[in-house]
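Notes to accompany the following structure.
Written out as structure tokens, the structure is:
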């Protein structure tokens, strides 16, 4: 690609987003090579069942290589035929020695090749996505283990709730990654599916050897086959795939949103990595350290999810197939995979270098003046014999007074119990009940269990 072509790039995947590994899976050369791989597997299957000579199958296999069939030649033919698959078939045929070329694409329709090659691409792409999930899961497990006992305030409705630990929060993220890994594994056999059944799925062009040829092709390529195809593999498979990618992308947005919130100046409990030597946060506000990577991830998630609706609509094809799905899938599959892959690695970068401000977390808890321990105190009073509803009302009234007067909840409760002659708890017991470190429930155990589960799944120590 020359400089002029680069300057004319429109899609950000061409110049801004995407790792080379994933872009390569969906690039033109990869697509062509996969399609020729399918053509070669078809020829070998024919030779296996005795339809064509083995020597011809070997010759077709030889030419099914980008070193023999150039992408430039395929494009040149496509300008004439206006049909990409037929262009590839003609390019392969003209490179075959002897009469082998007459058996290229024998008994197949275009989507036998296209859908089966797409299944190979999906398999490679899922390998990369699962690898990204594994890396992020490991990062979360390490962070959860490190911050297992780091006190932080839990928040519901964006308001202070009760204490948690930061490690507990991150353990929840690791558990989500464990579920996504399982979803990927469960999905694979349903989406890594090809077909070799002809124009409407009956395999008529392959005659009485149809079932044996299709089975041989898919066994050769390591795929399963569509048992009752139309001209295409069932698009419900692609819908499930893109929905899963959107689900994982939404998890990335959830984590990125949490970092963005925790990095807010008034919260300041965590922050993504920042190179103080050279990185610039703002072109005018020199003090800024913006959560730009997390914001980028959140934005890209919206693009991945936007591929879901077109994929659903591409599931509805006329009769045994029309072409309305083709242009949609050329966008949806590569974009969803390339962007999600990038999001996984960016999220991993954020959490691998995350700055955790433990002191600020404690200060934020203390800023509540004990109000975040209202539930803990109510439960302790109930354990001491006070009715649960009575305890709740006492603590509710004390909390309202503490908020109105700007006082410590502890002090208000001590005054109220003394003035009402309530001797259910001593002052020392009230103070003990309001220690945040003693009210994190099973947080530490949940972290330990999560780390152990990640270690078992990844077969490595955290």
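Numbering (our numbering), first residue to last: 26 to 487.
Even for Gly, the Cβ is constructed at its ideal location relative to N, Cα and C.
Please read these numbers as outputs of a predicted model, since none were measured by experiment.
For residue 178, write down the residues that DSSP places opposite it in a beta bridge. 188
Segments assigned alpha helix (DSSP H), at least 4 residues, entirely inside the segment 326–383: 333–338, 349–377
Quick one, are the C-beta atoms of residue 168 and residue 216 less than 7 angstroms apart? no
Run through the DSSP bridge pairs and tell me what residue 250 is partnered with. 219
Drop a sphere of 10 angstroms on the beta-carbon of residue 456, count the other beta-carbons inside from all chains shown, and report buried for 16 or more, exposed for fewer. exposed
Would you give the residue range spanned by the alpha helix (DSSP H) that residue 83 belongs to? 79–88
Roughly how many whole angstroms lie between the Cα atoms of residue 115 and residue 83? 18 angstroms
Thinking residue 11 and residue 381 are a contact (beta carbons under 8 angstroms), I'd like their distance in whole angstroms, please. The requested residue 11 is not part of the displayed model; the chain covers only 26 to 487.
What runs of the alpha helix (DSSP H), each 4 residues or longer, lie entirely inside the segment 37–119? 45–51, 53–74, 79–88, 96–106
So, helix, strand or coil for residue 295, using DSSP? strand
Under a three-way DSSP split, which group does residue 131 fall into? coil
By how many angstroms is the C-alpha of residue 322 removed from the C-alpha of residue 150? 19 angstroms
Quick one: give me the first and last residue of the alpha helix (DSSP H) that residue 473 is part of. 468–483
Quick check: what's the CA-CA separation for residue 210 versus residue 200? 16 angstroms
Roughly how many angstroms lie between the CA atoms of residue 326 and residue 278, to the nearest whole one? 6 angstroms
Contact belief for residue 252 with residue 461 at Cβ below 8 angstroms, rounded distance in angstroms: 58 angstroms between Cβ atoms; not a contact.
Can you tell me whether residue 364 is buried or exposed? The criterion is at least 16 other CB atoms within 10 Å of its CB, across all chains shown. buried
Given residue 397, which residues of its chain have a CB within under 8 angstroms of its CB, disregarding the five upstream and five downstream residues? 178, 185, 186, 187, 188, 390, 461
Residue interval of the alpha helix (DSSP H) (run including residue 437): 434–444
Contacting residues, own chain, Cβ-Cβ under 7 angstroms from residue 368 (five flanking each side not counted): 274, 277, 322, 325, 326
For the putative contact between residue 333 and residue 360, defined by C-beta atoms under 8 angstroms, what is the C-beta separation to the nearest angstrom? Contact doesn't hold; Cβ gap of about 12 angstroms is too wide.
Given this structure, state the Cα-to-Cα distance separating residue 299 from residue 314, to the nearest angstrom. 7 angstroms
Using CA coordinates, which residue listed in 255, 72, 449, 34 is at the minimum distance from residue 343? 255
Can you name, in chain order, every residue of its own chain whose Cβ lies under 7 angstroms from the Cβ of residue 318, other than the five neighbours on each side? 297, 371, 374, 375
Is there contact between the segment 55–63 and the segment 88–96, where contact requires at least three CB pairs shorter than 8 angstroms? yes
Using the three-state DSSP reduction, which class does residue 323 fall into: helix, strand or coil? helix
How long is the line joining the alpha carbons of residue 399 and residue 443, rounded to whole angstroms? 18 angstroms
Should residue 480 and residue 472 be called a contact, given that it needs their Cβ atoms to be closer than 7 angstroms? no
With residue 74 and residue 241 assumed to form a contact (beta carbons below 8 angstroms), what rounded beta-carbon distance in angstroms separates them? 7 angstroms
Does the contact criterion of 3 or more C-beta pairs under 8 angstroms hold for the segment 132–150 versus the segment 223–238? yes
Only counting the same chain, and skipping five residues up and downstream in sequence, which positions put a Cβ closer than 7 angstroms to that of residue 335? 353, 357
In terms of residue numbering, what span does the alpha helix (DSSP H) encompassing residue 406 cover? 399–408
Rounded to whole angstroms, what's the CA-CA distance from residue 477 to residue 465? Just pull it up for me. 20 angstroms
Beta-carbon separation of residue 144 and residue 248 under 7 angstroms? yes
Give every residue of the same chain whose Cβ lies closer than 6 angstroms to the Cβ of residue 271, excluding the five residues on either side of it in the sequence, and list them in chain order. 329, 330, 333
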